[in-house]
Amino acid sequence: MFFFSSDTHFNDQKNLEFDFRPFKTSKSFDKFVIKTWNKQAKKGDTIFVIGDFVDCDGEGFDGWEKALSYVRKIKAQVVLVMGNNEDRVVRFWFDNNFDKFRDYCLELGFKDVQKDMTISFGGHDFFLTHKPVHYQKGVFNLFGHMHRAGGLYKPFGINVGCDLNHFRLYSEKDIEFLMDMKKRFWDDDRNLNMKLE
Numbered sequence: 013m014f015f016f017s018s019d020t021h022f023n024d025q026k027n028l029e030f031d032f033r034p035f036k037t038s039k040s041f042d043k044f045v046i047k048t049w050n051k052q053a054k055k056g057d058t059i060f061v062i063g064d065f066v067d068c069d070g071e072g073f074d075g076w077e078k079a080l081s082y083v084r085k086i087k088a089q090v091v092l093v094m095g096n097n098e099d100r101v102v103r104f105w106f107d108n109n110f111d112k113f114r115d116y117c118l119e120l121g122f123k124d125v126q127k128d129m130t131i132s133f134g135g136h137d138f139f140l141t142h143k144p145v146h147y148q149k150g151v152f153n154l155f156g157h158m159h160r161a162g163g164l165y166k167p168f169g170i171n172v173g174c175d176l177n178h179f180r181l182y183s184e185k186d187i188e189f190l191m192d193m194k195k196r197f198w199d200d201d202r203n204l205n206m207k208l209e
């Protein structure tokens, strides 16, 4: 079974405040999320984290190392799709060498690390990309980056940011349900597709 999330920003206190996450410390948030994920996804399942598993503000921030090590606490296999924060880690600590970063993550226990990717389930293809501006036409897109600001729905896909799902993973069934809602209701809803004049 496949599961999806994005924008956890593990081991980062400022994102709790930025997103009004209901936790006093990043440690309590991290523990809650990992425990929740381990209840949902079991050994043999795959979690696709579509960017910003970690946080990295720049050269002086090294909390990403501890955050990446959390992969060892997660029962399911984890595939990381690069987010803008992982891009900064690559730039500042891996000499801008993606392959070097990928090897580091594989050594920690990630199943894979990709810049973006296409997967299939339920008879559909899905393009996974962190930033929604990089969506692909003609395929259903799963993305993150916006946290809650952009909402769940876009005409080209769904935002799987953890803040939009009470920090729980989106399962294949959740994605199929949301696709059905999109097709049957949201794509034709004037309130969702308003254009400002």
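Each residue of the sequence shown is one higher than the last, beginning at 13 in the working numbering.
Glycine residues also receive a C-beta, built at the ideal position from the N, C-alpha and C atoms.
Buried or exposed (CB count within 10 angstroms, at least 16 for buried), residue i
i           : result
residue 145 : exposed
residue 194 : buried
residue 32  : exposed
residue 114 : buried
For residue i, the first and last residue of its enclosing beta strand (DSSP E)
i           : result
residue 17  : 14-17
residue 164 : Looking at the DSSP string, residue 164 is not in any beta strand (DSSP E), and its letter there is neither H nor E.
residue 90  : 89-93
residue 133 : 129-133
Distance CB(residue i)-CB(residue j) smaller than 8 Å
i           : j           : result
residue 138 : residue 122 : no
residue 44  : residue 91  : no
residue 101 : residue 129 : no
residue 156 : residue 62  : yes
residue 18  : residue 57  : no
residue 52  : residue 196 : no
residue 22  : residue 28  : no
residue 82  : residue 42  : yes
Proximal residues to residue i (C-beta, below 8 Å), its chain only, five neighbours per side dropped
i           : result
residue 118 : 124 and 125
residue 160 : 31, 173, 175 and 176
residue 142 : 18, 62, 63, 64, 93, 94, 95, 96, 128, 155, 156 and 157
Same chain, Cβ closer than 7 Å to residue i, neighbours up to 5 away in sequence not counted
i          : result
residue 24 : 38, 67 and 75
residue 46 : 82, 85 and 86
Contacting residues, own chain, Cβ-Cβ under 6 Å from residue i (five flanking each side not counted)
i           : result
residue 133 : 14 and 184
residue 275 : The question about residue 275 has no answer here: the residues shown for the chain are numbered 13 through 209.
For this session: State whether the segment 70-87 contacts the segment 164-177, with contact taken as three or more CB pairs (one from each stretch) at a distance under 8 Å.
Result: no
Exercise. If you pair each beta-carbon of the segment 14-24 with each one of the segment 182-195, do three or more pairs fall below 8 Å?
Worked result: yes
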